[in-house]
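The listed protein sequences derive, respectively, from chains A and B.
Sequential numbering from 3 applies to the first sequence in my numbering.
Sequential numbering from 5 applies to the second sequence in my numbering.
All C-beta atoms, glycine included, are put in the ideal place defined by N, C-alpha and C.
Below: one structure, written as structure tokens.
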Amino acid sequence: MERLHIVLLIALMIALALALVRMRNLLAIAILSGVYSLLLAAVYTLLDAVDVAFTEAAVGAGITLTLMLAALSLTTRRETRPGGRAARRVLGLAVAFAAGAALVYASFDMPALGDAAAPIHNHVADRYIAEGPRDTGVPNIVTAVLASYRGYDTLGEVTVIFTAGIGVIALLWRWRRDEP
Amino acid sequence: MFTVASLLVVAAMATTLVRAVRGPTPYDRILAVNVHGTMTVLLIALGGFLTDRPDFLDLSLVYALLNFVGTLAALRFFRHGHLGEEP
Numbered sequence: 003m004e005r006l007h008i009v010l011l012i013a014l015m016i017a018l019a020l021a022l023v024r025m026r027n028l029l030a031i032a033i034l035s036g037v038y039s040l041l042l043a044a045v046y047t048l049l050d051a052v053d054v055a056f057t058e059a060a061v062g063a064g065i066t067l068t069l070m071l072a073a074l075s076l077t078t079r080r081e082t083r084p085g086g087r088a089a090r091r092v093l094g095l096a097v098a099f100a101a102g103a104a105l106v107y108a109s110f111d112m113p114a115l116g117d118a119a120a121p122i123h124n125h126v127a128d129r130y131i132a133e134g135p136r137d138t139g140v141p142n143i144v145t146a147v148l149a150s151y152r153g154y155d156t157l158g159e160v161t162v163i164f165t166a167g168i169g170v171i172a173l174l175w176r177w178r179r180d181e182p
Numbered sequence: 005m006f007t008v009a010s011l012l013v014v015a016a017m018a019t020t021l022v023r024a025v026r027g028p029t030p031y032d033r034i035l036a037v038n039v040h041g042t043m044t045v046l047l048i049a050l051g052g053f054l055t056d057r058p059d060f061l062d063l064s065l066v067y068a069l070l071n072f073v074g075t076l077a078a079l080r081f082f083r084h085g086h087l088g089e090e091p
């Protein structure tokens, strides 16, 4: 029954996106794109992708909205009407529709939602469960996958977060020193 | 029962969206977006019971907190024109 909810929510998202394209008030657009993220997060939750929904809500509706408002305080609040010839705009529309059609076409090859025979449930999970404790010596399967089987992947992620943290600290310290 | 309730919540979300898009003043939009966030929290809470898995109820609590922070940031922006401290 929640399929109906998902369809209705996505219809709301499409309507909101069309309204956003026509709006010129940047402040309202920033706020409404936060609403768009919240709708998407609700869809993710109904699809049982709770962690994705959580990230979407925190980043899309929380952080991005705040950053957009901070950026708006440095610029103007209204967007100028887009110029350009009609042929160019039609070209842009065609490219957008082609990319969207390609994505929809690719989604036909995906296994059905919750399909037990999907590759993600059969590829390596059984091996991790059966051999994980013997391979890695870690009793917790999640820890074994993250820290051992995908060790290099995790190392790369941690490096990215570490670099981002250093960048933020460097920027903020510079800011403090310049103040009287 | 949960189905009817959650469908009505989705309908309420649609009405608040109309006000948020059309709303002539920024305060109309802020209020509509805040109510919309509350409706999303309700929808997620109801969705948990709809799928017989109310374990994700605490997720809606976190959404409620996010909603509050977003509204606060937007209101602060309207009051001061920026988010930082007054120079």
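Chain-ordered, the chain A residues with CB closer than 8 Å to the CB of Leu-63 of chain B read Thr-47, Val-52, Ala-55 and Phe-56. Contact annotation for Thr-55 of chain B against chain A: Glu-4 [CB-CB distance below 7 Å, chain order]. The alpha-carbon separation between Ala-100 of chain A and Leu-69 of chain A amounts to approximately 31 Å. Per DSSP, Arg-83 of chain B is one residue of the alpha helix (DSSP H) stretching across 61-84. Under DSSP, the beta-bridge partners assigned to Arg-80 of chain A are A:Asn-27. For the stretch 11-24 of chain B, residues whose beta-carbon sits nearer than 8 Å to a beta-carbon of chain A comprise Leu-11, Val-14, Met-17, Ala-18, Leu-21 and Ala-24. The residues Phe-6, in chain order, have a CB closer than 8 Å to that of Phe-53 of chain B in the same chain once the five nearest residues on each side in sequence are set aside. Taking a Cβ-Cβ threshold of 8 Å, none of the residues of chain A is close to Tyr-31 of chain B; the smallest such distance is about 11 Å.
Neighbours of Leu-35 of chain B across chain A, judged by C-beta separation under 7 Å, do not exist; the nearest C-beta is about 11 Å away. DSSP places Asp-137 of chain A inside the alpha helix (DSSP H), whose first and last residues are 127-138.
Between Thr-138 of chain A and Leu-93 of chain A, the alpha-carbon positions lie close to 54 Å from each other.
Where Leu-46 of chain B is concerned, the enclosing alpha helix (DSSP H) starts and stops at 30-54. Within chain B, Leu-70, Val-73 and Gly-74 have C-beta atoms less than 7 Å from the C-beta of Gly-64 of chain A, given in sequence order. Non-local C-beta neighbours of Ile-143 of chain A in its own chain, meaning closer than 7 Å and more than five positions away in sequence, comprise Tyr-130, Ile-131 and Gly-134, ordered along the chain. Around Leu-10 of chain A, the beta-carbon contacts reaching into chain B at under 7 Å are Val-14. In the three-state scheme derived from DSSP, where H, G and I count as helix and E and B as strand, Pro-58 of chain B is classed as helix. One Cα belongs to Val-160 of chain A, the other to His-84 of chain B, and the distance between them is close to 37 Å. For Thr-68 of chain A, the nearest CB of chain B lies under 8 Å from its own CB, placing it at the interface with that chain.
Of the residues A:Leu-41, A:Asp-155 and A:Val-54, the one whose Cα lies closest to the Cα of Ala-19 of chain A is A:Leu-41. Shown here, Arg-23 of chain B sits in a helix according to DSSP, grouped into three states.
Counting C-beta atoms within 10 angstroms of its own C-beta, Ser-109 of chain A has fewer than 16 neighbours from the protein chains shown and is therefore classed as exposed. Taken through DSSP and simplified to helix, strand or coil, Ser-75 of chain A comes out as coil.
In the structure shown, Arg-90 of chain A falls within a helical segment according to DSSP collapsed to helix, strand and coil. Beta-carbon to beta-carbon, Gly-64 of chain A and Leu-70 of chain B are separated by about 5 Å, close enough to satisfy the 8 Å threshold. Sequence-distant partners of Ala-68 of chain B (beyond 5 residues in either direction) whose C-beta falls short of 8 Å from its own C-beta, in its chain, are Gly-41, Thr-42 and Val-45.
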